[in-house]
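Counting in full-length UniProt numbering, the sequence shown runs without a single skipped number right up to 292 at its last residue. We put the beta carbon where it would ideally sit given N, CA and C, even for glycine. Since the structure comes first, as structure tokens, the remarks are kept for the end.
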Amino acid sequence: MSSSSRGWNWNGIGRRSRKRRKRKMINQYRVFQIKEVHHQHWAKSYAQQVEDGFLIHHQNYQSAYKGKPAPSDTPMTARKRLEEKRPNTFVGRSFGVGDVIVWDEEKGRKFFYVDKEELVEFGGFMDADAAGNTVVYMVPNYQIDGKTGTWLPYDSEVVEGVCFFMMRNEQRKDAVSPVVVDSKGVFVTDAPNGFENVRSILTEYVHRAEKKQQDMTEHEKCLTNGTYERARESGTEQNYDMIDGCVNNVPKKPRRIGGRWSVLDRLHIKQAQRKQKDQTQQQQQQERSRKN
1 MSSSSRGWNW NGIGRRSRKR RKRKMINQYR VFQIKEVHHQ HWAKSYAQQV EDGFLIHHQN
61 YQSAYKGKPA PSDTPMTARK RLEEKRPNTF VGRSFGVGDV IVWDEEKGRK FFYVDKEELV
121 EFGGFMDADA AGNTVVYMVP NYQIDGKTGT WLPYDSEVVE GVCFFMMRNE QRKDAVSPVV
181 VDSKGVFVTD APNGFENVRS ILTEYVHRAE KKQQDMTEHE KCLTNGTYER ARESGTEQNY
241 DMIDGCVNNV PKKPRRIGGR WSVLDRLHIK QAQRKQKDQT QQQQQQERSR KN
């Protein structure tokens, strides 16, 4: 891993920030089982799941059990205990092949696929952690959405303050071009020649992500401040409770603001006059209809 990434955390789209004191992780383990909708993938080996292109990700799984390990416990001893006796709080099918054990300890979090004879450690099962990362350097068996096989993050580089990982296919190795993913494991680009020829692509990716984030922020501000009616009415209504889609409390004549007549006031006055005219015509029509 590039030495430039040491001593930093990654947040947002992967931007680095000074490392903060980490909260001590609780020693626990959880079991996840494949959802009913994906029942055709139940009890399959890890290799078969990869061959079938099934994404081993928590979105395709559901929580079945949470337990606290003994000081001497390992993921394998926990597996054997679950196989021998089903805990009362275990929800779902019988524990077995196809399940995933999420193992939390002070050193960090690890993911294990319950295979027929072993536990296969892999990465990327859960969403991004507090630092915004799902990819961990040199942790094998990552799956990339839209790509076949499993991948190993064997190199990393910081571009525009964002960390990217170079991934190598673990089944076909040199027969398949390496690819670059962001810190959340999202595919960015193929990189047959490494980082050297894709830095401009990565720079553009960062700028697009930042622009998208800015647009989302502006949209959230719009939602917070209210709809178009609120923006249009807020200058004339006495309080927000009176905002109803109709501009009330229209001034009788335009205000002079900064040496100029308010165009918005003139518009509101014109709209109010037109509305009054329409209402008068409607009342006259109703009166004529009543007399007839």
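Counting the other Cβ atoms within 10 Å of the Cβ of A64 gives 16 or more, which makes it buried. A contact is defined here as three or more CB-CB pairs under 8 angstroms, and the stretch 47 to 58 fails this definition with respect to the stretch 80 to 92.
Between W103 and the set R93, P69, N193, N88, the nearest pair of CA atoms involves P69. A straight-line Cα-Cα distance of about 12 angstroms links A272 and K253.
The Cβ neighbour count for D215, taken over all protein chains shown within 10 Å, is under 16; the residue is labelled exposed. When the alpha-carbon of M126 is set against those of Q279, N60, G161, the nearest one is in N60. For Q28, the pairing in a beta bridge is given by DSSP as D104.
Nearest Cα to P153 within the set E105, V159, M167: M167. Between Y142 and T148, the beta carbon gap of about 12 angstroms keeps them out of contact (Cβ cut-off 8 angstroms). Looking at Q283, A209, G67, H39, the one whose alpha-carbon comes closest to that of S183 is A209.
Of G146, T74, L119, the smallest CA-CA separation from Y46 is found for L119. Secondary structure of V120 (DSSP, three-state): strand.
The C-beta of K110 has 16 or more other C-beta atoms within 10 Å across all chains shown, which makes the residue buried.
With contacts defined by Cβ atoms closer than 7 angstroms, K35 and G98 do not form a contacting pair. Under the DSSP definition of a beta bridge, M166 partners with D155, V180. In this structure, R199 is the residue among E106, R199, G146 with its C-alpha nearest to the C-alpha of F165. Excluding residues up to 5 positions away in sequence, W151, M167, V179, V181, G185, F187 lie with their Cβ nearer than 8 angstroms to the Cβ of I144 in the same chain. Assigned with DSSP and collapsed to three states, K66 falls in strand. Between T134 and G124 the beta-carbon gap is near 5 angstroms, inside 8 angstroms, which marks them as a contact. When C-alpha distances from H39 are compared across M76, R93, N88, the shortest belongs to R93.
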